[in-house]
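To keep things clear, I will list the structure first and then write my remarks on it.
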Amino acid sequence: MFRRKLTALSATKPLVINHHPVYRPKKIFFWSLFIVIVILVILGFQFISPDWGEFFTSFTGLGERIKELLHWDFNSFKEIPAIGQQKSFLARSFISIWDTIVMALSGTVIGIIIAVPVSILASKNIINNTFFNRFCKILLAIFRTIPSFAYALILVGFFGFNNLTVSIAVAIFTFAISAKMLYDKIEQVKMAPFETMLATGANRFRSFRAAILPQVIPHILSTVFYALETNLRYISIIGLVAKVGIGNLIDNNAQLQQWDRVGWLLFLLILTIVCLEILIYVLRKWVIFDQDKILDEKERKKMLNPTLRRTRKNNLLFYYHEIILADWKLKKKNVYQQYQQKAITKEQFIIEKQALKLERQNLIAQGKKDYLAHLELDRQKFAEIKAAYPATPKKWFIYSEKVGQLVRYDKVYLAEFAVEMTYQKQKLLQETKEAINLKHDEFIANLTVEKVYQKQPFGWIKRVVLLTIMFSLFIYSLTTIEWGLANSETIAQTLKNLARMFDISWWTLFGTENSLGEMVPYSVIYLIWETIMIAAVGTFIGVIIALILGTLGSENVVNKYVAKIFVVIATVIRPIPSYLYAIILISLTGIGEFTGALALAIATAGMLSKYIREMFDDVDMNIVKTLAATGLTNGQKFRYGVLPQVNSGIMSWIIYRFEINIKEATLLGIVGAGHMGYVLQAYFNSGLFEDFGALLFGIIIVSLLLEWLSNVVRDKINYNRDPKTIHWLKKVIRRSEAPSYAINAKMLGQTTTDIAFNELKALYVLTNINIFRTAWKIKQAEKISWTKAYQLSYCQTFNIKADKTTDNLKELVKEHNDQYLKAIKKVKETRHYEITQIKLKQDNQIKQLKVKFKKDWKNNSKCKERWELWKQFRLDCQLVKATSKHKKLSHI
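So in the UniProt record's numbering, spot 564 of the sequence shown is number 564, and the numbers just go up one at a time.
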């Protein structure tokens with residue numbers, strides 16, 4: 001009884017829809033996430049203490065610095081220094097960018113070669129071995145968390161300061177990121193062909209090569225290009241540590257304040273990245289995923305694209321150009337055909353053209369006039385209705401058959417016009433698609449082998465050419481590498497240093513004392529917290545910029561001319577890595593955490609603006625048009641019609657970018673925009689390898705934790721999927737509460753077989769709230785005590801015959817409540833007994849399977865047959881357990 005009263009007082013009242021109580025979807029997760037984000041951002045700004053005054057003051061210097069970066073004196077660039085260099089700066093810049101490309105290519109290909117077998121071992125659908133799967137995934141997760149320049153720091157001791165060190169560091173980094181992408185793709189392939197080949201007697205290697213590899217090869221090539229593009233962006237940091245490539249050249253000139261040379265090097269790097277992006281886009285579209293494999297693809301696009309352009313126009317332009325001018329276009333086409341066939345003279349053709357031009361202007365002017373007249377009539381009618389019923393807003397609406405909903409009087413024509421134009425667009429598109437299908441069917445009917453070869457005689461050549469070029473470049477890149485090891489003493493010392501890294505200085509994790517007992521300014525925990533704060537502030541500022549660029553870059557939000565301006569701005573800032581922004585900003589705002597946050601903000605804006613714009617472009621505008629018919633303002637239409645369609649996607653991308661920013665914030669320390677990377681390098685260079693190991697250990701643990709949290713949050717946002725622990729906890733709570741809710745429904749005379757748990761819960765809460773409210777009314781009407789009023793209300797709710805004159809009212813309520821509690825206890829005991837029986841049955845079935853397996857094992861001596869028996873035994877056990885689990889879940 002106490003629980004009923006507590007529920008009535010504390011629970012939210014459910015909604016009642018079609019006589020069924022239901023709860024609104026709870027927003028606990030989103031509000032919790034919002035609060036965490038707000039707290040994180042506030043702490044971030046408080047921690048890094050941004051000097052906004054200096055930042056805005058530096059804008060004057062920003063213009064000067066950009067001018068210096070773009071002031072290229074090629075005569076000076078061509079000069080050969082008298083001391084130290086045998087080549088000009090211009091020659092060295094081109095050599096360095098080429099060396100950077102070659103190192104990125106060699107490292108990428110080597111990394112992919114290692115990643116492919118590891119990704120296969122990590123894929124549970126190919127290698128059904130939990131140990132191998134988990135071991136490979138854990139290994140990849142650890143490798144992913146280690147900063148790329150940390151590999152270079154360690155490898156320098158084995159190979160020296162040369163391009164071999166950079167290539168191997170890039171290969172390890174590529175292996176870590178590519179293997180994860182590949183095993184994700186392999187786990188999503190169609191397994192039916194693979195399993196069919198296994199069933200026919202083919203071995204696993206042959207089945208994989210014939211059934212899985214053709215599905216995976218396009219993704220492998222795509223991953224190669226993705227990794228190459230990523231490596232080219234960030235190889236400069238590794239080159240800076242190894243003192244080779246364009247990264248080292250940029251750092252040297254930045255230290256000498258030669259900003260014109262820094263600008264030229266940045267231009268070369270950005271130009272290379274942009275050209276590579278364009279090349280990868282073309283290769284991915286036309287070679288890897290073979291977009292031109294459909295023989296009549298060009299003809300189909302030739303018919304479809306003009307229609308798509310016509311249907312993308314806004315409703316008013318579509319009305320003018322496609323409805324009003326439909327007959328005029330036919331007339332124009334007829335005039336041009338007559339002139340081409342020389343049915344009319346040139347003079348007559350010119351006269352006809354002038355007449356057509358005048359007729360077009362008149363038709364559009366008349367169309368505009370009619371359109372505006374209809375709008376004015378609606379406005380006048382709405383003004384009359386509003387004046388007649390100023391205090392009754394419901395009277396301002398009328399039901400429109402065409403729209404299928406209530407529409408405000410001043411929006412009737414506008415809403416019906418939008419519905420009509422949408423219908424006309426869909427009709428035009430459908431007619432075009434039907435024409436394309438007819439043309440395609442005709443093409444297929446007349447298709448012959450000769451036509452296939454004529455259309456695509458050597459379609460495979462482009463893939464062979466691509467692979468040949470890539471292989472040739474890879475071989476060439478291997479010839480440019482300075483192969484060789486450091487001397488034996490250096491290698492021996494490096495191995496000792498590596499062993500010292502595993503002897504972690506635990507004091508450094510939490511304190512400011514290093515392994516030598518000396519005081520250091522920052523503990524590992526402080527550096528990790530600083531990195532998270534830099535990432536939080538950078539993500540927050542970047543998201544604001546990205547929302548502006550992405551929203552104003554969508555043609556669904558603004559007109560196409562304005563949208564193109566913001567698309568160009570976003571496209572310009574996207575290819576540039578964050579550490580290059582940091583190098584430029586450091587010269588203006590100085591070194592520090594705020595500079596790192598600003599660099600991350602610009603990089604975040606470049607990446608997220610693209611995805612936000614694409615999400616706004618995919619918005620269903622019919623919803624927005626429907627809302628417009630109800631009289632909502634533009635702001636309200638955006639809030640209720642657009643944002644609900646994009647907010648979860650945007651939030652998912654923001655969290656993903658925050659995870660990236662935490663990793664990038666570590667790199668920014670190398671150039672002075674933070675402390676993590678700087679301290680990591682300083683520990684290594686100073687020989688404090690125990691402290692280096694402690695910092696690396698902290699980075700790995702925190703990165704793994706944040707990656708897990710990021711995946712959990714994104715799964716919840718995108719798929720409403722809880723982590724296993726939360727899911728188990730919810731099941732335990734439901735299992736405990738379900739009997740009381742079900743018995744409550746039965747006592748109210750309702751069946752519980754087809755009612756969901758949430759509906760049963762809503763009914764239970766609503767019942768208790770109604771008991772309380774009815775009791776209050778009885779108390780007021782009958783002037784009796786609250787206890788007696790509650791007992792009467794309880795009896796009325798559960799149809800117990802009683803009134804205020806009944807003497808044993810308390811006993812009746814207690815007896816009914818005891819029956820309720822006994823029924824709950826019986827359900828729980830029954831469920832416990834049934835689950836126990838299911839477990840016993842499961843154990844007996846597994847015992848029988850074990851006996852059968854041992855018997856068959858003795859009767860078969862061949863390894864292959866025994867292996868098949870073992871696999872079948874495991875599958876049978878899994879099936880028994882899955883069946884038992886399903887039966888358990890079916891019980892309340």
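Here a beta-carbon is modelled for each residue, glycine too, at the ideal position from N, C-alpha and C.
Please tell me whether residue i and residue j are closer than 9 Å, where the distance is taken between their beta carbons.
| i | j | result |
| --- | --- | --- |
| Leu-213 | Leu-466 | no |
| Tyr-579 | Ala-682 | no |
| Leu-668 | Leu-600 | yes |
| Leu-485 | Phe-158 | yes |
| Leu-249 | Leu-265 | yes |
| Ile-771 | Tyr-820 | no |
| Leu-325 | Leu-363 | yes |
| Thr-432 | Met-303 | yes |
| Val-22 | Asn-844 | no |
| Ala-179 | Ile-146 | no |
| Gly-44 | Ile-654 | no |
| Val-813 | Gln-796 | no |
| Val-671 | Leu-268 | no |
| Glu-376 | Lys-402 | no |
| Glu-68 | Gly-263 | yes |
| His-254 | Ile-583 | Checking the sequence shown, residue 254 turns out to be Ala, not His. Contact: yes. |
| Leu-588 | Leu-256 | no |
| Gly-107 | Ala-150 | no |
| Ile-120 | Phe-208 | yes |
| Ser-609 | Ala-563 | no |
Taking residue i as part of the alpha helix (DSSP H), name the residues at either end of that continuous run.
| i | result |
| --- | --- |
| Ser-477 | 461 to 480 |
| Asn-685 | 676 to 685 |
| Asp-816 | Checking the sequence, you will find His at residue 816 rather than Asp. That run of the alpha helix (DSSP H) goes 809 to 859. |
| Val-36 | 28 to 48 |
| Asn-487 | Run containing Asn-487: none; DSSP gives neither H nor E here. |
| Val-619 | Where Val-619 is concerned, there is no enclosing alpha helix (DSSP H), given that its DSSP letter is neither H nor E. |
| His-321 | Unbroken run through His-321: none, as it is neither H nor E. |
| Tyr-423 | 412 to 445 |
| Ile-784 | Where Ile-784 is concerned, there is no enclosing alpha helix (DSSP H), given that its DSSP letter is neither H nor E. |
| Phe-143 | 130 to 145 |
| Gly-157 | 148 to 159 |
| Asp-51 | Asp-51 -> no alpha helix (DSSP H), and no H or E assigned at all. |
| Asn-634 | 634 to 637 |
| Asp-503 | No alpha helix (DSSP H) contains Asp-503, which DSSP labels as neither H nor E. |
| Thr-392 | From DSSP, Thr-392 is part of no alpha helix (DSSP H); its letter is neither H nor E. |
| Asp-311 | The sequence given here places Thr at residue 311; Asp does not occur at that position. 297 to 311 is the extent of the alpha helix (DSSP H) around Thr-311. |
| Val-330 | Residue 330 is actually Leu in this sequence, not Val. Residues 326 to 340. |
Going by DSSP, which residues form a beta bridge with residue i?
| i | result |
| --- | --- |
| Ser-400 | Gln-405 |
| Glu-513 | Met-519 |
(request) Just list the alpha helix (DSSP H) runs in the segment 174 to 246, keeping only unbroken ones of 4 residues or longer that don't cross its boundaries, in chain order. (result) 192 to 199, 204 to 207, 213 to 242
(request) Taking 8 Å as the threshold, find out whether the segment 244 to 258 comes into contact with the segment 302 to 316 through three or more Cβ pairs. (result) In this structure the segment 244 to 258 does not touch the segment 302 to 316; the number of beta carbon pairs closer than 8 Å is below three.
(request) May I have a chain-ordered list of the beta strand (DSSP E) segments no shorter than 3 residues that lie completely inside the segment 540 to 590? (result) none
(request) Run through the segment 642 to 730 for me and flag every whole alpha helix (DSSP H) of 4 or more residues, listed as ranges in chain order. (result) Counting only runs of 4 or more, we get 643 to 668, 676 to 685, 689 to 719.
(request) Kindly provide the ranges of any alpha helix (DSSP H) runs that are 4 or more residues long and lie completely inside the segment 253 to 286, ordered along the chain. (result) With a minimum length of 4 residues, the continuous alpha helix (DSSP H) runs that stay inside the segment 253 to 286 are 259 to 283.
(message) Any contact between the segment 606 to 617 and the segment 551 to 565? By contact I mean 3 or more CB pairs, one from each, below 8 Å.
(response) yes
(message) For the structure I just gave you, are there three or more beta carbon pairs, one from the segment 98 to 118 and one from the segment 195 to 210, closer than 8 Å?
(response) Verdict: no, contact absent.
(message) Please give the ranges of any alpha helix (DSSP H) in the segment 55 to 118, keeping only runs that are unbroken, at least 4 residues long and fully inside the region.
(response) Counting only runs of 4 or more, we get 74 to 78.
(request) Pair every Cβ in the segment 703 to 716 with every Cβ in the segment 135 to 151, then say whether three or more of these pairs are closer than 8 Å. (result) yes
(request) Check whether the segment 410 to 428 touches the segment 313 to 324, counting contact only when three or more Cβ pairs, one atom from each stretch, lie closer than 8 Å. (result) In short, these stretches touch, since the Cβ pair count reaches three.
(message) I'd like to know if the segment 527 to 541 and the segment 591 to 610 are in contact, where contact means that at least 3 CB-CB pairs between them fall below 8 Å.
(response) yes
(message) Is it the case that the segment 72 to 91 contacts the segment 586 to 593, given that we only count it when at least three CB pairs across the two stretches are under 8 Å?
(response) no
(request) Evaluate the contact criterion for the segment 521 to 529 versus the segment 636 to 649: three or more CB pairs, one atom per stretch, below 8 Å. (result) no
(message) Assess contact between the segment 325 to 335 and the segment 435 to 445, defined as three or more Cβ pairs (one per stretch) separated by less than 8 Å. Is contact present?
(response) no
(message) Quick check: the segment 503 to 519 against the segment 692 to 702, are at least 3 beta-carbon pairs closer than 8 Å?
(response) yes
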